[in-house]
Amino acid sequence: MDVSDGRLQSPKCGTSLPVEAGEEVDPENPGQDLDQQQDKLLQKLEDVLRELQELLPPEKYKNAECLVNWENLRMNPAETRSLLELLRYLKDLHQKARKTDDVKADNKKADDRREKKTPPSSSYRSLRPYEVKVFSKAAGRTCGADGVILEQVNGWAQFFKVEIVADFHDCDIIILFCPIVSRVGTDVDAAMRTIPGDKPVILVLMHHTRDADYSVDKYKNWSKEKKSVVLAVHVLHHETKGLLKCARNDDAVKQIRKELKNKSHYRLF
1 MDVSDGRLQS PKCGTSLPVE AGEEVDPENP GQDLDQQQDK LLQKLEDVLR ELQELLPPEK
61 YKNAECLVNW ENLRMNPAET RSLLELLRYL KDLHQKARKT DDVKADNKKA DDRREKKTPP
121 SSSYRSLRPY EVKVFSKAAG RTCGADGVIL EQVNGWAQFF KVEIVADFHD CDIIILFCPI
181 VSRVGTDVDA AMRTIPGDKP VILVLMHHTR DADYSVDKYK NWSKEKKSVV LAVHVLHHET
241 KGLLKCARND DAVKQIRKEL KNKSHYRLF
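The structure is reproduced here in structure tokens:
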């Protein structure tokens, strides 16, 4: 193949080519001489390179093109076949990748069209027609565990919406997060004094510990001790881990969700 002028040109037929040991004759054309077979191989190689040029970015195509040494390939049919198989494999990989990208792009367009036709707000309301307004207050340092609990409660609410309000006068119920830093009774009394009025309260007692099996059985039931407390739950948290991943915390979130559902009401829209 002539590359003297910088352009790929098909090799000329008629040049004698030595027969290498183990060289096979084309089974479809057993009478065809090796020159003709090699010319066909080189032509196929050039065709694959042309297809790769359309598939690959310029930088990657240059790397693929560097693999081809036309002078050596002209005299080495076995190497030509190996390189042809490699470039075909590379072409197939990029064709499959392009098809995958096209499918993803089509799916994204379809999703975008669906979102335009059905606004999230209307779908959200139709699935969760009930709501409960919650005023949340932390009576001390919670290490962010209070926010995690609120997110989990709202995420698990299937048929009602939990709306966090800034003014306790507008709420249906209060969630009071009470970190235990000294004596439980003292901390609870101090936390309850920060809540004005007689709104129902979910009291969340927060124990600072790394132990996911920390026992709270020794503590009294504050829903019986405090008139406005409709539910009291215990959760475990730590400043380095935040809200611990444990069965006790999961159960507390479920209890809070259940109580909020009881306080929810039908929304008019």
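Its first residue numbered 1, the sequence shown is counted upward by one per residue in the UniProt record's numbering. Don't be surprised by glycine CBs; every beta carbon is placed ideally from N, CA and C. Computed from a prediction, not measured in an experiment: that's the story for all the values here.
Practice task
Reducing DSSP to helix, strand and coil, say where I256 ends up.
Solution key: In the sequence shown, residue 256 corresponds to position 256, counting from 1. If DSSP states are grouped into helix, strand and coil, I256 belongs with the helices.
Practice task
Report yes if the C-beta distance between M84 and V48 is below 8 Å; otherwise report no.
Solution key: Position 84 of the sequence shown, counted from the start, is the residue given in the question as residue 84. Position 48 of the sequence shown, counted from the start, is the residue given in the question as residue 48. Correcting the residue identity first, residue 84 is Leu in this sequence and not Met. It is a contact, given that the beta carbons lie within the stated cut-off.
Exercise for the section: Just mark I164 as buried or exposed, buried being the case when its beta carbon has 16 or more other beta carbons within 10 Å. Expected result: Here residue 164 refers to the residue found at position 164 of the sequence shown. The Cβ neighbour count for I164, taken over all protein chains shown within 10 Å, is under 16; the residue is labelled exposed.
Practice task
Using a threshold of 8 Å, state whether the C-beta atoms of H207 and L243 are closer than that.
Solution key: Position 207 of the sequence shown, counting from 1, holds the residue named residue 207. Position 243 of the sequence shown, counting from 1, holds the residue named residue 243. Contact: no.
Practice task
Grab me the residues of Q95's own chain with a C-beta within less than 7 Å of its C-beta, minus the 5 sequence neighbours each way, in chain order.
Solution key: For this step, residue 95 is matched to residue 95 along the sequence shown. Excluding sequence neighbours, Q95 sits near L55.
Problem - Same chain, Cβ closer than 8 Å to D167, five either side skipped, listed in chain order - result: Here the question's residue 167 lines up with position 167 in the sequence shown. Hits under 8 Å: F135.
Problem - Beta-carbon spacing of V132, V162 below 8 Å - result: Residue 132 sits at position 132 when you count from the first residue of the sequence shown. Residue 162 sits at position 162 when you count from the first residue of the sequence shown. At the C-beta level, V132 and V162 come within 8 Å of one another.
Exercise for the section: With DSSP as the reference, please indicate the residues paired to I175 in a beta bridge. Expected result: The residue you call residue 175 lines up with position 175 of the sequence shown. DSSP output for I175 lists S136, I202 as bridge partner(s).
Practice task
Would you mind sorting N221 into buried or exposed? The rule is 16 or more other CB atoms within 10 Å of its CB.
Solution key: Reading the sequence shown from its first residue, position 221 is the one you call residue 221. N221 comes out exposed.
Problem - Span of the alpha helix (DSSP H), counted from its first residue to its last, around K224 - result: In the sequence shown, residue 224 corresponds to position 224, counting from 1. Under the DSSP assignment, K224 falls in the alpha helix (DSSP H) whose first and last residues are 222 to 225.
Exercise for the section: For N249, collect the residues of the same chain with a Cβ closer than 7 Å to its Cβ; drop the 5 residues on either side in sequence, then sort them by chain order. Expected result: Translated into positions along the sequence shown, residue 249 becomes position 249. For N249, where only same-chain residues beyond five positions count, the Cβ hits under 7 Å are V235, L236, L243.
Exercise for the section: Quick one: residues in its chain with C-beta nearer than 8 Å to the C-beta of C171, no 5 flanking neighbours on either side, listed in chain order? Expected result: Taking the first residue of the sequence shown as 1, we reach residue 171 at position 171. Within the same chain, C171 has close Cβ partners K133, V134, F135, V165, K199.
Exercise for the section: In angstroms with no decimal places, state the Cα-to-Cα distance between I195 and Y219. Expected result: By 1-based counting over the sequence shown, the position of residue 195 is 195. By 1-based counting over the sequence shown, the position of residue 219 is 219. Spanning the alpha carbons of I195 and Y219 requires a straight line of approximately 22 Å.
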